[in-house]
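Sequential numbering from 1 applies to the sequence shown in our numbering. All C-beta atoms in this analysis are idealised placements derived from N, C-alpha and C, irrespective of residue type, glycine included.
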Amino acid sequence: MERIFYELKEALSQPGCPLCSLEKDAERRYFDTLFYELVNDPATRQKILRGGGFCPTHTALIFEERNSILGIAIIYWDLLGHYFDDENIPLSCPLCQTLKEKEQHLLSILQKRWTELKPLWGERTFFCTRHLQTLQNGDTLKEEIMALTQKSLHTIQQHLSALIEKFDYRKSHLPLQEKETLSWQEALEFFAGKTLKKERK
Ligand SMILES: [Zn+2]
Ligand SMILES: [Zn+2]
């Protein structure tokens, strides 16, 4: 099957929310391609202009990732120049649209190939609060993902307990395990509905 299936398989075995992690990869890929390859592509430029630019979250991400300052300068030269052309344009972020489509695709793969994917679920894998809501109520898939998520959250909670304990000076000589060091970040990711850990794959 296509690449997206293998990406999902890989993400399901890793700590964190698989949909958030694939979303983050997609955002990075989108900006790499946009700023390095498509800056002068007329169709891409039109699409960005028509949508009124990127949403606030993705604009902040452009600032953070700053793939190419020249690319950013060219795209935003365009956007500034057209800002007052038509104030009634409904804003629609082209990256949000792409991500929405990708999410739908991933959910349909999960639905269709769940028996194959379920055994790969990692011990710290969870669906974040945002992605739990994308699952259809009353579905077996939702019930099973909720149960697996609950189990993983319990594991993360145990790692948090160990982390808290080792802040005590009587136990501070005990080495911290990586999963304990990461536990507070994973807890934040569950509520944030996004991958917060910085490392670039
Ligand atoms: Zn998520
Ligand atoms: Zn957006």
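Own chain partners of residue i with C-beta closer than 6 angstroms, once the 5 adjacent residues on each side are dropped
i       : result
Gly-53  : Leu-79
Lys-151 : none
Lys-102 : Ala-26
His-131 : Cys-17 and Leu-19
Thr-149 : Phe-126 and Phe-127
Cut-off 8 angstroms between Cβ atoms - residues of its own chain near residue i, not counting five sequence neighbours on either side
i       : result
Tyr-30  : Leu-95 and Thr-98
Thr-155 : Glu-123 and Arg-124
Thr-44  : Leu-34 and Leu-38
Lys-197 : Gly-16, Leu-182, Gln-185 and Glu-189
Glu-7   : Leu-22 and Asp-25
According to DSSP, residues forming a beta bridge with residue i
i      : result
Gly-16 : Thr-125
Close beta carbons around residue i, own chain, < 7 angstroms, minus the five adjacent residues each side
i       : result
Ile-145 : Phe-127 and Leu-135
Asn-67  : Phe-31, Asp-32, Phe-35 and Tyr-36
Ser-108 : none
Ala-11  : Pro-18, Ser-21 and Leu-22
Residue i at chain B interface by Cβ criterion, 8 angstroms
i       : result
Glu-178 : Here chain B cannot be found, since the structure has a single protein chain.
What ranges does the alpha helix (DSSP H) occupy inside the region 20-93, keeping only unbroken runs of at least 4 residues that lie completely in it?
42-50, 56-65 and 69-82
So if I measure from each beta-carbon to every heavy atom of ligand 1 and keep distances below 5 angstroms, which residues remain?
Cys-17, Leu-19, Cys-20, Cys-128 and His-131
Using the beta carbon as the reference atom, which residues fall closer than 5 angstroms to any heavy atom of ligand 2, ordered along the chain?
Cys-55, His-58, Cys-93, Leu-95 and Cys-96
Count the C-beta pairs between the region 85-96 and the region 45-61 that are closer than 8 angstroms, then say yes if the count reaches three, no if not.
yes
Determine, using beta-carbon pairs with one atom in the region 156-171 and one in the region 180-193, whether at least three such pairs fall under 8 angstroms.
yes
Check whether the region 19-27 touches the region 80-90, taking contact to mean three or more Cβ pairs, one atom from each stretch, closer than 8 angstroms.
no
The region 70-77 touching the region 111-123, judged by at least three CB pairs closer than 8 angstroms
no
The region 31-51 in contact with the region 131-146 per 3-pair CB rule at 8 angstroms:
no
Counting only runs of 4+ residues fully inside the region 112-176, write out the alpha helix (DSSP H) ranges in chain order.
114-117, 129-132 and 140-165
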